[in-house]
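Each remark here refers to the structure printed beneath this line.
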Amino acid sequence: MSKKRVHELAKQLKEQGIELSNQELVDKLHHLGFDVKSHSSSLDDDQAQAAYEKIVAEKKPKAAAPRPAGPGFVVRKKANLPPPPPPPPAPVVHAAPPPPVVEAPAEPPPPPVAVEPEPEPEPVSAEPAETPAPIAAGEPTAEQPAAPV
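The numbers in the sequence shown follow this note's numbering, run straight up by one, and end at 149.
This is the structure:
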């Protein structure tokens with residue numbers, strides 16, 4: 001097993017963005033339970049790896065909170081402001097003027113066609129036009145000649 005010195009562990013931590021002086025690292029290792037006296041003391045590889053992981057976990061910078069999208073303060077509008085004036089009309093840029101429209105001479109409309117109305121049919125009544133008078137018994141009819149008396 002190889003051994004690693006405390007100052008070498010400090011260099012390794014510095015590469016990760018954790019800057020500790022040798023004395024601060026020695027104090028930190030004392031708090032973690034390692035028996036070191038100075039920066040020249042040595043640690044086993046297992047001890048050095050465990051110390052490295054614990055220090056990195058503690059000192060690792062947290063991710064920065066996302067910044068708010070707005071300006072960070074509330075802008076309030078005044079209540080009784082008149083409406084803003086309408087924007088000025090955009091200038092009209094004319095291209096070439098359109099050609100004049102030539103109308104064809106108007107033709108007279110065709111003469112109206114006379115339509116004769118159809119004669120209305122006569123209404124049909126449900127009653128017969130003439131009702132024959134009842135024939136009495138013994139009277140001669142037009143079909144029978146009168147009998148001699």
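Using N, Cα and C, we set each Cβ at its ideal position, and we do this for glycine too.
It should be emphasised that the depicted structure is a prediction, and the values quoted were computed from it without experimental measurement.
Those residues which DSSP pairs with residue 59 across a bridge: Note: residue 59 sits in no beta bridge, so no partner.
Residue from 83, 93, 7 with nearest C-alpha to residue 41: 7
Strictly by DSSP, which residues pair up with residue 43? 4
Coil, strand or helix - residue 80 by DSSP: coil
Burial state of residue 114 (16 or more Cβ within 10 Å): exposed
Rounded C-alpha distance that separates residue 117 from residue 99: 51 Å
May I ask which residues mark the beginning and end of the alpha helix (DSSP H) holding residue 23? 22-32
For a test of the three-state rule: what should DSSP assign to residue 48, helix, strand or coil? helix
So the candidates are 108, 25, 73; which of them puts its Cα closest to the Cα of residue 52? 25
Assigned exposure category for residue 48 - 16 Cβ within 10 Å defines buried: buried
Kindly list the residues whose CB is nearer than 8 Å to the CB of residue 56, restricted to its own chain and excluding five residues on each side of it in sequence; keep chain order. 13, 16, 18
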